[in-house]
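Here my numbering is used: position 38 in the sequence shown is 50, and no number is missing along the way.
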Amino acid sequence: MSDLKNVSTTAPSEPSDDRTFVERFSQSDLLQLRSDLLQSGADSFQAAEIVANFLGGRGYGVSSEEARAAASRIEVQGCKAEHIQAELERVALAM
């Protein structure tokens with residue numbers, strides 16, 4: 013009879029959300045994104061497109077609604093790279 017004491021019966025935990033594996037973007041890329049948003053003078057839909065293009069070029073998707081919300085938070089005065097990263101992690105979907 014085999015010894016089953018050391019056999020794990022639990023399945024490995026699977027991510028519950030695709031957003032948990034968003035890469036760390038470089039600080040210069042994040043600040044460039046913010047600069048692009050601020051300099052574009054874009055409305056909320058155009059700003060959402062800038063965010064969607066940034067993420068899409070890196071293999072991520074984002075809903076239009078989430079991209080608009082992210083763009084408005086990134087454009088806030090004094091927004092730092094770590095805040096932009098957190099915002100992108102919140103909205104990015106792995107493709």
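Virtual Cβ for every residue (Gly too), placed ideally from N, Cα, C.
Tell me Gly73's beta-bridge partners as DSSP assigns them.
Leu105
Kindly indicate which residue of Met107, Val103, Gln89 and Ala104 has the alpha-carbon position closest to the one of Leu43.
Here the closest residue by C-alpha is Gln89.
Do Ala82 and Leu100 come within 8 Å of each other at the CB atom, strictly closer than that value?
Yes.
Given that a residue counts as buried once 16 or more other Cβ atoms are within 10 Å of its Cβ, and exposed if not, what is Arg80?
buried
By how many angstroms is the C-alpha of Asn65 removed from the C-alpha of Ser113?
For the chain, the structure presents residues 13 to 107; residue 113 sits outside this window and is missing.
Within the same chain, show all residues whose beta-carbon is closer than 6 Å to that of Val63, passing over the 5 residues directly before and after it, in chain order.
Same-chain partners within the cutoff: Ala79, Ala82 and Ala83.
Taking a contact to mean a Cβ-Cβ separation below 8 Å, would you say Arg36 touches Ile86 in this structure?
no
Suppose the cutoff is 7 Å on Cβ atoms and the five residues either side in sequence are ignored; what does the same chain contact list for Ile96 look like?
Leu42, Leu45, Arg46 and Ile86
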